[in-house]
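Visitor:
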Amino acid sequence: MKIKLNYCFIDKIKDIKENMGPLKVIRNNRHLYFKIDLPLWTATNLAFNPSIVRCLLILAFQYGIIIGSELLAALIVRRDIYKERAQFDLLQTLLKLRDINVNTDLELLLESQVYERHYRLTLNEKKLPILLESKYIMVPSHGFDGVIKDTSVLQEHVVGSKKYVLSQGSPIRAYKFAPANA
-11 MKIKLNYCFI
-1 DKIKDIKENM
9 GPLKVIRNNR
19 HLYFKIDLPL
29 WTATNLAFNP
39 SIVRCLLILA
49 FQYGIIIGSE
59 LLAALIVRRD
69 IYKERAQFDL
79 LQTLLKLRDI
89 NVNTDLELLL
99 ESQVYERHYR
109 LTLNEKKLPI
119 LLESKYIMVP
129 SHGFDGVIKD
139 TSVLQEHVVG
149 SKKYVLSQGS
159 PIRAYKFAPA
169 NA
């Protein structure tokens, strides 16, 4: 059985663990900053300023203002909206993880770590090349006897999309046979 998500499992864990900072703001808004704002601002800046150096300085200034204003708003309100959203999403994921026999709680889930990554170039249904990312995550969970054990969870993701699939699995080791020297 596979669990379908629209967010990265590990990014949500990072959102809970980290304090509010510029990297957290960028990680949670990268789709807005790089797919919408960057091309629009670059085209506008290059239209009015043909100098590339000046354009890059203006872009850095614009991003600094946006990220700084979001950090200032979080400081004034004293709320970390990314942490609250991540806790809600991880609680929903926690319930879904039980469907694939990973019995864990939120405290143990926060101890999860990526231990291996694989990238594979494949073709999709339309015969276009896609890059498939596979992350193997070690999730601490409760066993049948109550002892905490590690369970391997596979997160698959097509790079550039917002669709993530979680399933239980571990990496396949490939052995290379070589002749023994006598």
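According to the numbering used here, the sequence shown is numbered sequentially starting from -11. The C-beta atom is built at its ideal place from N, Cα and C for all residues, glycine as well.
From Ile14 to Pro27, what does the alpha carbon distance come to, in whole angstroms?
Guide: 16 Å
Visitor: Using 8 Å for Cβ pairs, my map puts Glu104 next to Tyr124. What's the rounded Cβ distance?
Guide: Between Tyr124 and Glu104 the Cβ distance is about 4 Å, and since that is below 8 Å, they are a contact.
Visitor: Given 8 Å as the limit, is there contact between the stretch 57 to 70 and the stretch 91 to 98, that is, 3 or more CB pairs closer than that?
Guide: no
Visitor: Quick one: using the 10 Å Cβ neighbour count with 16 as the cut-off for buried, is Leu154 buried or exposed?
Guide: buried
Visitor: Run through DSSP, which three-state label would Val102 get?
Guide: Residue state, collapsed to three classes: strand.
Visitor: With contact counted as at least three CB pairs below 8 Å, one residue from each stretch, are the stretch 38 to 50 and the stretch 66 to 86 in contact?
Guide: no
Visitor: Do Ile1 and Asp87 have their C-beta atoms within less than 8 Å of each other?
Guide: Going by C-beta atoms, Ile1 is not nearer than 8 Å to Asp87.
Visitor: So, at 6 Å on beta carbons, what are the nonlocal neighbours of Pro10 in its own chain, with the 5 sequence-adjacent residues on each side left out?
Guide: Ile55
Visitor: Indicate the three-state DSSP secondary structure (helix, strand or coil) for Arg108 in the structure shown.
Guide: strand
Visitor: Give a yes or no on whether the C-beta atoms belonging to Ile102 and Val127 are separated by under 8 Å.
Guide: The residue you asked about is not Ile; residue 102 is Val in the sequence shown. Their beta carbons are not under 8 Å apart, which means Val102 does not touch Val127 by this criterion.
Visitor: Go ahead and label Asp3 buried or exposed: buried means 16 or more other beta carbons lie within 10 angstroms of its beta carbon, across all protein chains shown.
Guide: buried
Visitor: Taking buried to mean at least 16 other C-beta atoms within 10 Å of its own C-beta, is Gln80 buried or exposed?
Guide: Exposed, by the Cβ-count rule.
Visitor: Using a Cβ-Cβ cut-off of 6 Å (strictly less than) and excluding sequence neighbours within five positions of Glu144, which residues of its own chain qualify?
Guide: Ser122, Val153
Visitor: If you measure between the beta carbons of Tyr70 and Asn16, is that distance less than 8 Å?
Guide: yes
Visitor: For Val141, does the count of other Cβ atoms within 10 angstroms reach 16, so buried, or fall short, so exposed?
Guide: buried
Visitor: What three-state label does DSSP hand Glu6 in the structure shown?
Guide: Reduced to three states, the DSSP call for Glu6 is coil.
Visitor: Identify whether Tyr160 lies in helix, strand or coil by the three-state DSSP scheme.
Guide: Checking the displayed sequence, the identity of residue 160 turns out to be Ile instead of Tyr. Here Ile160 carries a coil assignment [DSSP, helix/strand/coil].
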